[in-house]
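Residue numbers (the numbering used here): 1 to 457.
What follows is a set of notes on a single structure, which appears directly below.
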Ligand SMILES: Cc1ncc(COP(=O)(O)O)c(C=O)c1O
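Structural data, given as structure tokens:
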């Protein structure tokens, strides 16, 4: 018999190889690359065999094919979408979570892990100004966090199935509404890109079918915070459930300078923050908090003769009662450990770096060339900018060029329909010289860019 487990597991030097890989990765991640499906299918064909290739060959496939053809979202040069840049302490703690598979769905099975996760939820609730009774769970990401929260909202508002969302709401909110059989009532953001209480109040006037309001604390595209406090007023006036999607910008709760700006989040019925975004946890983590967790457990608690044992004394905190997930990775443990190791001050400093880099980039772009301008001053760590004369083909060519040259991974976007450039800063070690390199590529004329691309292929 081949040993898959235990001291005789047939894995050769794998443990040393993997720990070496993790150490090198945490010293600095390469930008990586993408590949075609045909190339990867060919490289991975016959990798799964009846007898197995053995650990050495399998590890070579992992590094040379899988890792090599994957973009380093954890690289300090990854400035697209929403980067993920785990701290070293968080990544090592997550390796422990992976190895032990703590069964963090229930207190009975994983009291230690759940209690540690709850410390982080409490910290976030306190920063937000939520009451002592607030609570929730960690989930695998913002999409499932939004889905879980809005499932609870739907239960509270069975006869009012319209959900007011800004035109800037994340795609997952729309998918959630579709899955839950709810309907989006889209409210236009103001000229500054934020949902205002005035616009929401005007839009809801005379309507009785809207039972939930969703606001963003950090819209994904532009990193803007809606008027949370004013929107909380409107939600209260209309008796609506108030959910805040703070998946990205919720990290700013750590910063005293943003608490006022985020104040209304403490009045929400539910909100989410993704530690895998700007709180430096590895991918797969969302903190979901409810003002009144009992409402959530009515919706999410799963029953069955094999799991009712989770609830014997009645005061156990079972994370699976608060979101749509039973078997659950302890996805808040890495952030807890990182906070225990480094403390809140270090976390504030690391988050603040993203703000500094965004401001540096906005200034560098504005001052570099009269053809360059920012769409708006960055509020968080996203910078949107224009380049006179460039259309979407130019922006795409520019992004491909930056990746091919190993300068950065960037992804253009649109603002109010106009193709624009977009940079997102999260990794605290991104040097300003990367921004300077990027800005230099923006002053090349499109024909030069095209000839660069031709010479590249
Ligand atoms: C504001 C916002 N909400 C929700 C999500 C979805 O989160 P996840 O990708 O973790 O499912 C994102 C992802 O970028 C986001 O930026």
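No residue lacks a Cβ here, since even glycine has one placed at the ideal position from N, Cα and C.
The model shown is predicted, which means the values in this text are computed figures rather than measured ones.
Check                                                                                                                                                                      : Outcome
Which residues in the same chain as residue 457 place their Cβ atom closer than 7 Å to its Cβ, once the five residues preceding and following it in sequence are excluded? : Residue placement at residue 457 is poorly supported in this model, since its pLDDT is 42, which falls under 50; the coordinates are not used for a value here.
Give me the pocket residues for ligand 1, defined as CB within less than 7 Å of any heavy atom, sorted by chain position.                                                  : 81, 82, 141, 142, 143, 144, 146, 170, 172, 216, 218, 219, 220, 245, 247, 248, 274, 276, 277, 286
In whole angstroms, what is the alpha-carbon distance linking residue 52 and residue 284?                                                                                  : 29 Å
Measuring CA to CA, which of 432, 385, 380, 394 is closest to residue 82?                                                                                                  : 380
Mapping DSSP to helix, strand and coil, what is residue 457?                                                                                                               : Low local confidence applies: a pLDDT of 42 at residue 457 is under 50, so the model's placement there is unreliable, and no value is given.
By the 10 Å Cβ neighbour count, where 16 or more other Cβ atoms means buried, how is residue 158 classified, buried or exposed?                                            : exposed
Thinking C-alpha only, which one of 251, 240, 207, 201 is nearest residue 227?                                                                                             : 201
Can you give the Cα-Cα distance for residue 214 and residue 47, rounded to whole angstroms?                                                                                : 46 Å
Would you kindly report the start and end of the unbroken beta strand (DSSP E) that includes residue 387?                                                                  : 382-387
Using only the alpha-carbon positions, how far apart do residue 32 and residue 79 sit?                                                                                     : 13 Å
Could you compute how far the alpha carbon of residue 182 sits from the alpha carbon of residue 437?                                                                       : 46 Å
What are the boundary residues of the beta strand (DSSP E) that includes residue 413?                                                                                      : 413-415
Going straight from the alpha carbon of residue 308 to that of residue 100, what length do you get?                                                                        : 24 Å
Between the beta-carbon of residue 12 and the beta-carbon of residue 42, is there less than 7 Å?                                                                           : no
Put residue 290 into one of helix, strand or coil per three-state DSSP.                                                                                                    : strand
With the cut-off set at 7 Å, would you say residue 76 and residue 429 are in Cβ contact?                                                                                   : yes
Could you work out which residue in 60, 180, 129, 384 is closest to residue 358 when comparing CA atoms only?                                                              : 384
Give the straight-line distance between the Cα atoms of residue 246 and residue 1, rounded to the nearest whole angstrom.                                                  : 50 Å
Give the secondary structure of residue 28 by DSSP, where H, G and I count as helix, E and B as strand, and everything else as coil.                                       : coil
Determine the contact status of residue 90 and residue 281, defining contact as a CB-CB distance below 7 Å.                                                                : yes
Could you have a look at residue 425 and say whether DSSP puts it in helix, strand or coil?                                                                                : coil
May I ask you to verify whether the segment 366-373 touches the segment 105-122, counting CB pairs closer than 8 Å and requiring at least 3?                               : no
The beta strand (DSSP E) with residue 273 in it runs from where to where?                                                                                                  : 270-273
For residue 320 and residue 311, which I take to be in contact (beta-carbon distance under 8 Å), what is that distance rounded to the nearest angstrom?                    : Wrong, their Cβ atoms sit about 11 Å apart, outside the cutoff.
Quick one: give me the first and last residue of the beta strand (DSSP E) that residue 80 is part of.                                                                      : First-last for residue 80: undefined, no H or E at that position.
May I have the straight-line CA-CA distance separating residue 21 from residue 61, to the nearest angstrom?                                                                : 14 Å
Can you have a look at residue 154 and say buried or exposed, based on whether 16 or more other CB atoms are within 10 angstroms of its CB?                                : buried
May I ask you to verify whether the segment 253-264 touches the segment 62-69, counting CB pairs closer than 8 Å and requiring at least 3?                                 : no
In chain order, what residues of the same chain lie with their CB nearer than 6 Å to the CB of residue 279, ignoring the 5 residues before and after it?                   : 251, 335
Let's see if you can read the secondary structure: which residues bound the alpha helix (DSSP H) around residue 310?                                                       : Careful: residue 310 lies outside any alpha helix (DSSP H) and carries neither H nor E.
Excluding sequence positions up to five away, which residues of its chain have a Cβ less than 6 Å from the Cβ of residue 304?                                              : none
Leaving out five residues on either side along the sequence, give the residues of the same chain with a beta carbon under 7 Å from the beta carbon of residue 348.         : 254, 255
Which residues bound the beta strand (DSSP E) around residue 136?                                                                                                          : 135-139
Out of 388, 102, 178, which one is the CA nearest neighbour of residue 418?                                                                                                : 388
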